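Number of protein chains: 10
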Amino acid sequence: MTREQLTEKILDIKREKGWTWKHITDAIGGMSPVLVVGALLGQHKLVKPLARTAAALFGLSPAEERMLNEVPMRGTGTPMPPTDPLIYRFYELVMINGPAWKALIEEEFGDGIMSAIDFDFEMERQADPKGDRVAIRMSGKFLPYKYFGAEQGIPPLGYRED
Amino acid sequence: MTREQLTEKILDIKREKGWTWKHITDAIGGMSPVLVVGALLGQHKLVKPLARTAAALFGLSPAEERMLNEVPMRGTGTPMPPTDPLIYRFYELVMINGPAWKALIEEEFGDGIMSAIDFDFEMERQADPKGDRVAIRMSGKFLPYKYFGAEQGIPPLGYRED
Amino acid sequence: MTREQLTEKILDIKREKGWTWKHITDAIGGMSPVLVVGALLGQHKLVKPLARTAAALFGLSPAEERMLNEVPMRGTGTPMPPTDPLIYRFYELVMINGPAWKALIEEEFGDGIMSAIDFDFEMERQADPKGDRVAIRMSGKFLPYKYFGAEQGIPPLGYRED
Amino acid sequence: MTREQLTEKILDIKREKGWTWKHITDAIGGMSPVLVVGALLGQHKLVKPLARTAAALFGLSPAEERMLNEVPMRGTGTPMPPTDPLIYRFYELVMINGPAWKALIEEEFGDGIMSAIDFDFEMERQADPKGDRVAIRMSGKFLPYKYFGAEQGIPPLGYRED
Amino acid sequence: MTREQLTEKILDIKREKGWTWKHITDAIGGMSPVLVVGALLGQHKLVKPLARTAAALFGLSPAEERMLNEVPMRGTGTPMPPTDPLIYRFYELVMINGPAWKALIEEEFGDGIMSAIDFDFEMERQADPKGDRVAIRMSGKFLPYKYFGAEQGIPPLGYRED
Amino acid sequence: MTREQLTEKILDIKREKGWTWKHITDAIGGMSPVLVVGALLGQHKLVKPLARTAAALFGLSPAEERMLNEVPMRGTGTPMPPTDPLIYRFYELVMINGPAWKALIEEEFGDGIMSAIDFDFEMERQADPKGDRVAIRMSGKFLPYKYFGAEQGIPPLGYRED
Amino acid sequence: MTREQLTEKILDIKREKGWTWKHITDAIGGMSPVLVVGALLGQHKLVKPLARTAAALFGLSPAEERMLNEVPMRGTGTPMPPTDPLIYRFYELVMINGPAWKALIEEEFGDGIMSAIDFDFEMERQADPKGDRVAIRMSGKFLPYKYFGAEQGIPPLGYRED
Amino acid sequence: MTREQLTEKILDIKREKGWTWKHITDAIGGMSPVLVVGALLGQHKLVKPLARTAAALFGLSPAEERMLNEVPMRGTGTPMPPTDPLIYRFYELVMINGPAWKALIEEEFGDGIMSAIDFDFEMERQADPKGDRVAIRMSGKFLPYKYFGAEQGIPPLGYRED
Amino acid sequence: MTREQLTEKILDIKREKGWTWKHITDAIGGMSPVLVVGALLGQHKLVKPLARTAAALFGLSPAEERMLNEVPMRGTGTPMPPTDPLIYRFYELVMINGPAWKALIEEEFGDGIMSAIDFDFEMERQADPKGDRVAIRMSGKFLPYKYFGAEQGIPPLGYRED
Amino acid sequence: MTREQLTEKILDIKREKGWTWKHITDAIGGMSPVLVVGALLGQHKLVKPLARTAAALFGLSPAEERMLNEVPMRGTGTPMPPTDPLIYRFYELVMINGPAWKALIEEEFGDGIMSAIDFDFEMERQADPKGDRVAIRMSGKFLPYKYFGAEQGIPPLGYRED
């Protein structure tokens, strides 16, 4: 059994039952819907208690439940550049704004990156008379490049140099 | 003269003067630093009053000032996939989470996209005892696929179907 | 001036003077030689005091000194797959062993990655009668995938589930 | 029967039984877990006694046991560049730091490479109040480029020239 | 002299003078601005009287004036897929909607194409309380596949079969 | 059923029956053999009365008859550059002579193209004592680039400027 | 000196003088304008008397005259697939109709090709009330695949088998 | 049925029967073995009487016999550049010597090509004390580029100019 | 100086002097014209005495003479597939006939190749009332795959097995 | 039946029986093991007596035995560049050392190549206190470029010029 086959099975059941993602993530609960949906689409792991609830909800076998609890080989399944317009917009944001984000994050935080792992993501509908907006709040831990072997007087952990 | 040549000249002056981006965006003002930096890196346009201030700051010629006011051919200059770790993390976020974002945005808003154009971006340092975080708030206007020619009874603008 | 031009100038001076990297990193000091060499090769930033020493050592202009203090656009300049045998061996290690490393790190630590940023690297010559060995010690902070929005009962931060 | 088919069968059994890699490598024993896991994932060979134990553990046929004992055609199955974040971080380390590693290893050891074959790998959890770390110790035999046909006075085996 | 060199010269002069495209196309007149701008960007020909006006406006030599009157080797200079967001949106419209456009045009008109040559294009700002719109009207002559050698009773010129 | 499958079925029947193309196009009639053969090879549409005759001739089902009446997704099935010598010679003619054809057509007709849609094609055997010749007569409607928005005095429709 | 440099020089002179191709081919004469233009664009050879006239017309040096008399390395300089619409239409004709041309030529002539070398080309303006047409007459010698070693009774030279 | 399937069937029968190509081409006769073998490998047509003999020899159906009599879509099935050493040597001869062959053929014959269609090929074993040789004699009709529209005084058919 | 520059210089002199290849190869002599021309076009070496004569003929410097005596990096300079019709025909012969040549050479000679190195090439004009022919005689030494380690009873050197 | 299918069958039997290659090549005998193994992996031919023994050993059908006796289409099945470390090392040797090998072989032997066909290969374990070595002895016949048409005084066969 491959993870792709499990994802396909889950989408078939969702469709069969007429469930929304909201229904599913409410039923599974436990953490942010975006993570639960990502896991059911084969890009994240569900921790054990959630895998158990998900398996009960979808009527999965014990082996399928365990597969949901495995960390998948991530990042397969999205052609890059994305052909889907919704996903492409995010790709474009990175392509156009990447250099400016780099310049400003590095100036504010020093040399390092924003973690894509220790990372929160929240999406909200923002009512707006001119048309509602997708409001996204992300926060990723800043990870300074570690200046290993650094002597005293070297700013610790690459933080901003004033 | 090409836009790349102007970008290189601006970076040379910034380095010569020892200016930070903060110094530059404070001096130019007018709109979000991320846009101003993006424009100086050749990915956005500076509106006229800002182009004037920027030209004064950097000692540019009138033609160079006008070039800053032109919309550049965007998206050149960032290899995709990005080799720089800071930019790559954003790329990875899209590659791994794109499908879940798509599922949830579409369920909440209906069929459409988050605009990458009518789009705000704010970055902030979030103090955190476990390590400060890069907090990003984006909001993009939701642009529903327009169901043009839609008759009555068809939900307007592709919004969520309950 | 581009970073590649600065790297070329530094290598020319090193060759002109007949200096070893050891001589250079001893003179600059401050942190691990592997970081200092990486910075001089255009892949890392030198923090201000080190950039100052390096500039003095190589007789660089103030603008060149500032460029050394900038975070470069990393990852350019190494063709992938590497054609150089020394670098290729590391690439091969990742290609062949990547899946096993993934399986074991995930089982030991839970869902996450080893940071390539908060990362130490130490290389040592290990005398060995059968031929000396390159001993490398790396340690990267384990970054668990953050289960944002997690309720109580969900193992915090993706750590190992027993 | 292909090696890929055997790998998929082994992963199905592991999941069916609910075994961890630790359980499996303890049961098989004999050498480093990273090698045993690599072999079960189709990237290494298991020597005969280990193949025997593995076959008993998984209930494999004699032909499948022998296939585990064969050296596979290595390096298939990992897309390069890796899409999985955990594996990508190692790839990035090589891409960013390769040139500096090359400069320092060559200066310390002379002209040669670190073997990817006569190579030890040990991974350990390093407790750390700021977050545990993945500690990796590798040592690879330094293999100097042999200066074959070298006369007296030529440093033997390409070692460091002082 | 190549057409690319002439285009760059014209853009430099436009910037030097601070002219808008509107100023230029008003001064040159004669036909739709979109064609005149296309010609100045090296993708169309300017007919003689317009080439003469354009040359006077920009102070071009007789040979440069004649080059503007030549049909250029079209279609060079736009990377495909486009990296610029404005151009990409049109590309996306074709990629997503191409098959449906084909189905409907063929059902309405029969077997044929919409000409990209005998083609009008008009762009207008459409005031809209919800946000102005780019209104584009294109009309291309429908070119039915000619059923050459067709006998009587065969619908002429591939038009709709009812 | 795909169009390729229908083509293969038709070729199998042709071979089974021992029919020539001449026999087939005589039986179907209605328009030029080159179009009828093209349609049976999956590159054109047959209008309804011809699709009906063709279906009767080959004993096709009503759905297969309707498929012959559909405009296919054209241009699949010929590798470009062609490996078949007969087709390659035409490709070579375009590659070698394209620029001269462009220069002369544009000088004679003005700015535009020869239509590949409103296009006749006739092939004939031309007896010749030195070896018969393939005589091809094509005529394509000249489609001038439309100078939309053109004022008086601008040569209409891009025609030759004398 | 390369042939490309000679072509660019000739085009510069043509523009400088304001000559049409008709003026040039009338002045050079000797054979079909399409061949003469092709030669001046670097895709054909001019035989000696024509090269002499062309050199006199353009004021070329003896070496340049001799270069016009050389057979060039043909087929360089047209990107395939062509981006220019005029040339693309011919390419499209081959791609769409190649298989039908092959079927019909082979049925009429037997196994062979239409020569692209022993080949005439004539282009004419065909007045037509619905829009003038580009009328092209080509005839290429049919070259039957030679059935070498053929015994009696084998149809000579692959001609049509009745 | 495709031509590839017929080729595989023929090779299976040849192997089953233990026939050599000599046995097969003697039995089929009629023309050069290289053509007959090429046809059975799917690259040429067999004329009717030979297709009949071949069908009898291999026990083919009437439809398969007719397929042997069809001109195949040539040139598929040989990867270019060839991976097989025997075929690669011929490819290499063209790549290395092509320019010299071109220079000498054009000087001897004028502007034109050696036909690959009106072409004989004979292969013979040439006994040689230093090791037998593969002796190949090819002759292809020289096809001069036709100088259509040529006036008197222009050397006919591109032949050598003395 | 590169070999390409030397080739261009030689072609410039040849054109300047108005020499034919025959004149040149007669003057240089020594071996087959096809080799001498190939060497002057940068694809072969001229042995010393010939390099000396060639240098005298073209007035080359001693270093240029020595370059003619070097074995060049062969096979550069011909795009593959060839765009030039004359060279393409040879390429097509290999693509279409390669598999049949392989079958017959192997059946006649056993397992091996025809050498492209120990290889003669002769080209001749063959007068023919139907049009002269390019007659090519090649003979390449047959190189049997050596069955090294072969015992008695194994046919020596892979020769034909009867 | 294809050669790939036969190879997979042979590997399955080898595994089923638990045979080593040594067991197999001893049983088949006749020539060097490296050739026999290559043939069983589908890259060489087995001469008749060996094919007979191999067929007996593996219990193959007469058609399969004959397929082993056929020269396969060589060179398929190894991805280039190789991902397997053992095969990659040889690839690297060629990539890094090719130019030097060329320079020295040509200086010692004159213009020519080392045959990859008339070629011996022997591999041996070389006991070495510092670690046993893979000792490979290859010898390939030097094949001088034949200077066909060479006159007296031209060094025969391209051998070294002193």
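Residue numbers (UniProt numbering), protein chains in the order written: chain A, 1 to 162; chain B, 1 to 162; chain C, 1 to 162; chain D, 1 to 162; chain E, 1 to 162; chain F, 1 to 162; chain G, 1 to 162; chain H, 1 to 162; chain I, 1 to 162; chain J, 1 to 162.
From the three backbone atoms N, C-alpha and C, an ideal C-beta is built for every residue, glycine too.
All values reported here derive from a predicted model rather than from experimental measurement.
At a beta-carbon threshold of 7 Å, the residues of chain J lying near R74 (chain D) are T83, D84, P85, ordered along the chain.
Taking a Cβ-Cβ threshold of 8 Å, the residues of chain C close to E92 (chain J) are P85, Y88, in chain order.
For I117 (chain H), the closest alpha carbon among the candidates G:E107, G:D111, G:K9 is that of G:D111. For G38 (chain C), the enclosing alpha helix (DSSP H) stretches over residues 33-40. Under the Cβ distance rule, K14 (chain J) does not count among the residues neighbouring chain I, no pair being separated by less than 9 Å.
Less than 9 Å separates the beta-carbon of G140 (chain D) from that of S115 (chain D). At a cut-off of 9 Å between beta-carbon atoms, E8 (chain B) makes contact with chain C.
The distance from the Cβ of K48 (chain B) to that of E70 (chain B) is about 11 Å, inconsistent with a contact at the 8 Å cut-off.
T25 (chain G) and V37 (chain F) have their C-alpha atoms spaced approximately 40 Å apart. Cβ-Cβ distances below 7 Å link R52 (chain B) to E65 in the same chain, with the five nearest sequence neighbours on each side left out; the list follows chain order. About 5 Å separates the beta carbon of M138 (chain F) from that of I136 (chain G), a gap short enough to meet the 8 Å contact definition.
According to the DSSP assignment, M1 (chain A) belongs to no beta strand (DSSP E), since it is labelled neither H nor E.
With fewer than 16 other Cβ atoms inside 10 Å of its own Cβ, K22 (chain G) counts as exposed. DSSP places E124 (chain J) in the strand class (E or B) of the three-state scheme. Within chain D, the residues whose beta carbon sits less than 8 Å from that of I117 (chain A) are P85, listed in sequence order. H:P33 is the residue among H:P33, H:K130, H:D84 whose C-alpha sits nearest the C-alpha of Y147 (chain G). Residue state for G29 (chain D) is assigned as coil, using DSSP reduced to three classes. Cβ atoms of I28 (chain D) and L57 (chain D) come within 8 Å of each other, at about 7 Å.
By the CB criterion at 9 Å, M73 (chain J) and K102 (chain I) fall inside the cutoff. Not a single C-beta of chain J is nearer than 9 Å to the C-beta of G131 (chain I). DSSP, reduced to helix, strand and coil, places M67 (chain E) within a helical segment of the structure shown. Rounded to the nearest whole angstrom, the C-alpha separation of G98 (chain D) and Q5 (chain C) is 19 Å. Counting only the Cα atoms, P81 (chain J) lies some 7 Å from Y91 (chain J).
For A127 (chain J), the number of other beta carbons within 10 angstroms of its own is below 16, and it is reported as exposed. By the rule that beta-carbons nearer than 9 Å mark a contact, R66 (chain C) touches chain B. Here F148 (chain H) carries a coil assignment [DSSP, helix/strand/coil].
Around the beta carbon of L86 (chain E), fewer than 16 other beta carbons lie within 10 angstroms, which makes this residue exposed. When rounded, the separation of the alpha-carbon atoms in L143 (chain H) and I113 (chain H) is 5 Å. Residue contact check for D128 (chain B) against chain A: a CB pair falls below 9 Å. Nearest to T83 (chain G) by C-alpha distance, out of F:R89, F:V94, F:T83, F:G77, is F:V94. Secondary structure note for T53 (chain D): its alpha helix (DSSP H) is the uninterrupted segment 48-58.
The beta carbon of A55 (chain I) is closer than 6 Å to those of E65 in its chain, skipping five residues each way along the sequence. Residue pairing for S139 (chain F): DSSP places it in a beta bridge opposite F:D120, G:A135.
Around the CB of D120 (chain D), fewer than 16 other CB atoms lie within 10 Å, so the residue is classed as exposed. Going by beta carbons, L50 (chain J) and K9 (chain J) fall outside the 9 Å limit.
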